[in-house]
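If you're matching positions, the sequence shown starts at 3 in the working numbering and goes up one per residue.
Yeah, the Cβ is synthetic: ideal placement off N, Cα and C, and Gly gets one too.
For clarity, every value in this text was computed on a predicted model and none was experimentally measured.
Scroll down for the structure; my scribbles are underneath it.
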Amino acid sequence: MNLTKRFHTIILCDVPQMGMHNLPSLKRFTHFIDVLYDTHTRLIIGANCSLENLLLLSNNDTSIELQFHHRQLMDDLKMNMDHPTNMKASIFTGDEDLFAYSRTLSRLREMRSKVYWDQSGPNRKVD
């Protein structure tokens, strides 16, 4: 990501609480955190909730938006919603996503530690 080559510290303001109800944004955020973490880029987040409540990690979300995304994906894959094995596919259970979001939360905790802060930002070793 070009941002991490140019800036050693990134500031994000007004970060909303995310969960399975806004899956596309959550996936982009997860990827963004992975890139920042891997490049030892510092991150300052402004949010209306604590870090522990930033990511809602529940695979029991039955929101209309999530169901819409599942239906859209099933249509694209030409899958039948009535077939029981289709709805149990890992792309619909969210198990991989939940693991990725748990990892993101863990990385965010580490990124606010003194050890990470001392080894990142202007002190980082850029490849």
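Whole-number beta carbon distance between residue j and residue i, since they are thought to touch under 8 Å
i, j, result
"Leu45", "Gly21", "Between Gly21 and Leu45 the Cβ distance is about 20 Å, and since that is not below 8 Å, they are no contact."
"Val37", "Thr11", "14 Å between Cβ atoms; not a contact."
Residues bridged to residue i [DSSP beta-bridge criterion]
i, result
"Thr11", "Arg44"
"Ala49", "Val17"
"Leu57", "Met20"
Close beta carbons around residue i, own chain, < 7 Å, minus the five adjacent residues each side
i, result
"Thr64", "For Thr64, the pLDDT reaches just 45, beneath the cut-off of 50, and the residue's location in the model is therefore unreliable, although a value from the coordinates is still provided. Within the same chain, Thr64 has no close Cβ partners at all."
"Asp19", "It should be noted that the sequence gives Gln, not Asp, for residue 19. Cys51, Asn55, Leu56, Leu58."
"Ala102", "Thr32"
"Glu112", "Tyr118"
Bounding residues of the alpha helix (DSSP H) (the contiguous stretch that carries residue i)
i, result
"Lys116", "116–121"
Own chain partners of residue i with C-beta closer than 8 Å, once the 5 adjacent residues on each side are dropped
i, result
"Phe9", "Thr43"
Within-8 Å CB hit, residue i to chain C
i, result
"Tyr103", "As a matter of chain content, chain C is missing from the structure shown, which is built from one protein chain."
Beta-carbon proximity list for residue i, same chain, < 6 Å, skipping 5 on both sides
i, result
"Ile66", "Low local confidence applies: a pLDDT of 41 at Ile66 is under 50, so the model's placement there is unreliable, and no value is given."
"Arg109", "Ile35, Tyr39"
"Val17", "Ile47, Ala49"
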